[in-house]
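Enquirer: Sharing a structure with you now.
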Amino acid sequence: ELLPFGHPVYDTQFQIDYYRPVFNNRLLFGGQGTGTCWGPEKTLNYLEHRIHTVFPQIKNLEMDFVWSGTTDLTVNGAVDSRKFGNTFPIYAVHGWSGHGVAQTVRIGKAIANDFVGQSNDFEMLSKIDHQNIIFGRTLAPVVIPLAKSMYGLGAMINPGKMVSF
1 ELLPFGHPVY DTQFQIDYYR PVFNNRLLFG GQGTGTCWGP EKTLNYLEHR
51 IHTVFPQIKN LEMDFVWSGT TDLTVNGAVD SRKFGNTFPI YAVHGWSGHG
101 VAQTVRIGKA IANDFVGQSN DFEMLSKIDH QNIIFGRTLA PVVIPLAKSM
151 YGLGAMINPG KMVSF
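At position 49 of the sequence shown (counting the first as 1) the number is 49 in UniProt numbering, and the numbers step up by one without a gap.
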């Protein structure tokens with residue numbers, strides 16, 4: 001069994017791998033934030049390679065779903081969490097900074113607790129001050145791969161230093 005205790009895993013590489021068991025003995029695997037939106041073929045090839053790197057014992061890999069999207073960054077790396085209205089609230093969350101698969105469980109719990117009035121965790125998250133990234137959408141396809149390369153080089157030089165948001 002790949003994850004004998006059923007716990008999720010979030011590693012400490014600059015470009016994280018996140019994985020956890022889900023329904024029917026399947027695996028949810030996420031990673032690789034990019035400045036562009038990859039097509040299905042490139043996404044599939046990347047994930048197959050990463051999964052075989054992490055789990056070399058897997059011989060026959062079947063993918064049910066793959067998806068890709070542009071990485072949504074925030075300057076401070078924290079998720080931008082907002083709530084509109086109180087009687088029938090609408091929650092909006094974005095800016096996962098390439099860590100969306102890992103963070104959605106935590107943010108989802110914060111939203112659920114806020115919705116039923118059990119915690120002020122979401123309120124705390126919504127008070128984080130966020131700055132706009134000047135020319136963010138225009139520069140993302142260049143800046144994100146460049147920043148990833150610089151941090152990746154730093155991680156190779158000093159592998160013990162964790163770089164995370």
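Virtual Cβ for every residue (Gly too), placed ideally from N, Cα, C.
1. Assign His7 to buried or exposed, taking buried as 16 or more other Cβ atoms, counted over all protein chains shown, within 10 Å of its Cβ.
2. Who are the Cβ neighbours of Gly31 in its own chain at under 7 Å, not counting the five residues just before and after it?
3. Going by C-alpha distance, which of Tyr151, Leu153, Asp11, Phe122 is nearest Ile90?
4. With C-beta atoms as the reference, is Ile58 less than 9 Å away from Ser81?
5. Touching or not, the region 59-79 and the region 133-140, by the rule of three or more beta carbon pairs under 8 Å?
6. Following a CB-centred definition, is Asn24 positioned closer than 8 Å to any heavy atom of the ligand FAD?
7. Can you grab the Cα-Cα spacing for the pair Gln118 / Ala112, in whole Å?
8. Which whole-angstrom value describes the C-beta separation of Val105 and Gly95, a residue pair presumed to lie in contact below a C-beta threshold of 8 Å?
9. Taking the straight line between their C-alpha atoms, what separation do you get for Leu44 and Val66?
10. Just the C-alpha distance for Ala155 and Ala147, rounded to the nearest angstrom, thanks.
11. Give me the residue from Ala102, Ile157, Leu47, Tyr151 with the minimum Cα distance to Glu62.
12. Output needed for Ile128: all residues of its chain with C-beta closer than 6 Å, excluding positions within five of it in sequence on either side, in chain order.
13. Just how far apart, CA to CA, sit Pro4 and Asn25?
14. Go through the region 84-124 residue by residue and report every complete run of the alpha helix (DSSP H) that reaches 4 residues or more, in order.
15. Using the beta-carbon count (16 or more within 10 Å), is Gly100 buried or exposed?
16. Take Gly69 and list the residues in its own chain whose beta-carbon comes closer than 7 Å to its own, dropping the five residues that flank it on each side.
17. What is the residue span of the beta strand (DSSP E) that Pro21 lies within?
Expert: According to the structure shown:
1. For this step, residue 7 is matched to residue 7 along the sequence shown. Its Cβ having fewer than 16 others within 10 Å, His7 is exposed.
2. In the sequence shown, the residue the question calls residue 31 occupies position 31. Counting only Cβ-Cβ distances below 7 Å, and skipping sequence neighbours, we find Gln15, Ile16, Asp17, Tyr18, Arg50.
3. By one-based count along the sequence shown, residue 90 stands at place 90. That would be Phe122, whose Cα lies nearest to the Cα of Ile90.
4. Here residue 58 refers to the residue found at position 58 when the sequence shown is read from its first residue. Here residue 81 refers to the residue found at position 81 when the sequence shown is read from its first residue. Their beta carbons are not under 9 Å apart, which means Ile58 does not touch Ser81 by this criterion.
5. yes
6. Absent from the structure shown: the ligand FAD. Ligands present: none.
7. By 1-based counting over the sequence shown, the position of residue 118 is 118. By 1-based counting over the sequence shown, the position of residue 112 is 112. Taking the straight line from one Cα to the other gives about 9 Å.
8. For the purposes of this step, residue 105 is taken as residue 105 along the sequence shown, with counting starting at 1. For the purposes of this step, residue 95 is taken as residue 95 along the sequence shown, with counting starting at 1. Their Cβ separation, rounded to whole angstroms, is 17 Å, which puts Val105 and Gly95 out of contact at 8 Å.
9. The residue given as residue 44 occupies position 44 in the sequence shown. The residue given as residue 66 occupies position 66 in the sequence shown. Rounded to whole angstroms, Leu44 to Val66 spans 6 Å at the Cα level.
10. Position 155 of the sequence shown, counting from 1, holds the residue named residue 155. Position 147 of the sequence shown, counting from 1, holds the residue named residue 147. Computed Cα separation, rounded: 12 Å.
11. Residue mapping note: residue 62 aligns to position 62 of the sequence shown, counting from 1. For Glu62, the nearest C-alpha among the options comes from Leu47.
12. Within the sequence shown, the letter at position 128 stands for residue 128. Same-chain partners within the cutoff: Ala78.
13. As a first step, residue 4 must be located in the sequence shown, where it is residue number 4. As a first step, residue 25 must be located in the sequence shown, where it is residue number 25. Their Cα atoms are separated by approximately 11 Å.
14. 100-115
15. As a position in the sequence shown, residue 100 is number 100, starting the count at 1. It counts as buried.
16. As a first step, residue 69 is located in the sequence shown; it is residue number 69 there, counting from the start. If we look at Gly69 and ignore the five residues flanking it on each side, its Cβ neighbours are Cys37.
17. Indexing the sequence shown from 1 puts residue 21 at position 21. Unbroken beta strand (DSSP E) run through Pro21: 17-22.
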